[in-house]
Amino acid sequence: MKIVVCIKQVPDTKGGVKFNPDGTLDRGAMLTIMNPDDKAGLEAALRLKEQYGAEVTVLTMGLPKADEVLREAMAMGADKGILVTDRVLGGADTWATSTTIAGAIRNLEYDLIITGRQAIDGDTAQVGPQISEHLNIPVISYAQEIKIDGDYVVVQRQYEDRYHELKAKMPCLVTALSELNEPRYMTPGGIFDAYDKEVTVWGRADLKDVDDSDLGLKGSPTKIAKASDKVKKGAGEKVVPDTPEDAVAYITGKLKEKHVI
């Protein structure tokens, strides 16, 4: 069985967020981590590898520094890493991103594709399902458990107070929740091996069956009107009422003033 895991290097918001003049993230200037949902998807793939002898390929689209997240994945146990990077791919929205990733995956043999439910930098939850549409394969999202039954993948799909058990014939795409599992740590031996391995680097010319009009910032139908870091809140208004009744009257008056009540 061959599994492709799509992972993303996302900003570590503890280090602050920076933007380009066009409103896109300045990814080269920020601290980064592996997207949590993607990491859970990778762990699920590694457990399937241990159980069924699968080959796990991790694929990411990003700046050259995204090589780091691929090597982290290989240090955890992934077999191969592919970095899709090209200046013409920069500034992509979900449509352009999914088009690019699908174009790369068309070069690979796969039975199962696993992506994270969503990335913490965009929170759209769109890229995984869009990849499945581009590749014309079934998708099961919000996976809280993944099992294999012959040629089928069996997934518990999470809802607020229950789950649905869905079964789809492979090839299939599954989007994973961060609650799916507890990802393993890299091992010292795995780290050494990962940095000895060669990461395959693909550019625009390596994408299969995609149009230039669907790539990068120019091919993105979503346009950013404005973007900013978190706005710091002021201290607010401080009031010291004489009695509890005065406090209640003051709060009630403010709520009425703002049309909350």
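Under numbering that gives the first Met the number 0, the residue at position 19 of the sequence shown is numbered 18, and the numbers go up by one with no gaps. Glycine residues also receive a C-beta, built at the ideal position from the N, C-alpha and C atoms.
Is the Cβ-Cβ distance between Gln8 and Glu67 less than 8 Å? Going by C-beta atoms, Gln8 is nearer than 8 Å to Glu67.
When we look at the beta-carbon of Gln129 and count the other beta-carbons within 10 Å, is it buried (16 or more) or exposed? Looking at its Cβ environment, which holds 16 or more other Cβ atoms inside 10 Å, Gln129 is buried.
Tell me the DSSP bridge mates of Leu165? Residue pairing of Leu165 in beta bridges, as defined by DSSP: Val154.
Take Ala77 and list the residues in its own chain whose beta-carbon comes closer than 6 Å to its own, dropping the five residues that flank it on each side. Taking C-beta separations shorter than 6 Å and ignoring five residues to either side along the sequence, the partners of Ala77 in its chain run Val55 and Val57, following chain order.
Using the C-alpha atoms, what's the distance from Gln143 back to Ala193? In this structure, the straight-line span from the alpha carbon of Ala193 to that of Gln143 is close to 28 Å.
With 16 other CB atoms within 10 Å as the buried threshold, where does Asp122 fall? With fewer than 16 other Cβ atoms within 10 Å, it is exposed.
Backbone secondary structure at Tyr109 - three-state DSSP: In the structure shown, Tyr109 falls within a coil segment according to DSSP collapsed to helix, strand and coil.
Cutoff 8 Å; reference Leu179; Cβ partners in own chain excluding five residues on either side: Excluding its 5 nearest sequence neighbours in each direction, Leu179 has C-beta neighbours in its own chain below 8 Å: Ala39, Gly40, Glu42, Ala43, Ala142, Gln143, Glu144 and Ile145, listed in chain order.
Where Thr98 and Lys222 are concerned, what is the direct C-alpha to C-alpha distance, given to the nearest angstrom? Thr98 and Lys222: Cα-Cα distance of roughly 17 Å.
Start-end ranges of the beta strand (DSSP E) lying completely within the stretch 63-125, minimum 3 residues: Correct list: 79-83 and 111-115.
Would Thr114 pass as a contact of Asp205 if the rule is Cβ separation under 8 Å? Taking C-beta atoms as the reference points, Thr114 and Asp205 fail to come closer than 8 Å.
Cβ neighbour criterion (16 or more within 10 Å) applied to Thr96: Result: buried.
Hey, how far is the Cα of Gly52 from the Cα of Ile136? Whole-angstrom Cα-Cα distance: 23 Å.
I'd like the span of the alpha helix (DSSP H) that includes Ala246, first residue to last. For Ala246, the enclosing alpha helix (DSSP H) has its first and last residue at Pro243 to Glu256.
Nearest-angstrom beta carbon gap, Val153 and Lys166 [assumed within contact, 8 Å]: Contact flag correct, Cβ pair sits at about 5 Å.
Cα-Cα separation, Val126 to Cys5: Their Cα atoms are separated by approximately 10 Å.
Cα separation between Ala72 and Gln50? Using only the alpha carbons, I get a separation of about 18 Å.
What's the call for His163, buried or exposed, on a 16-neighbour Cβ count within 10 Å? Exposed.
If I'm right that Ala91 touches Leu214 with Cβ under 8 Å, what's the distance once you round it to whole angstroms? Sure, about 7 Å apart at Cβ, within 8 Å.
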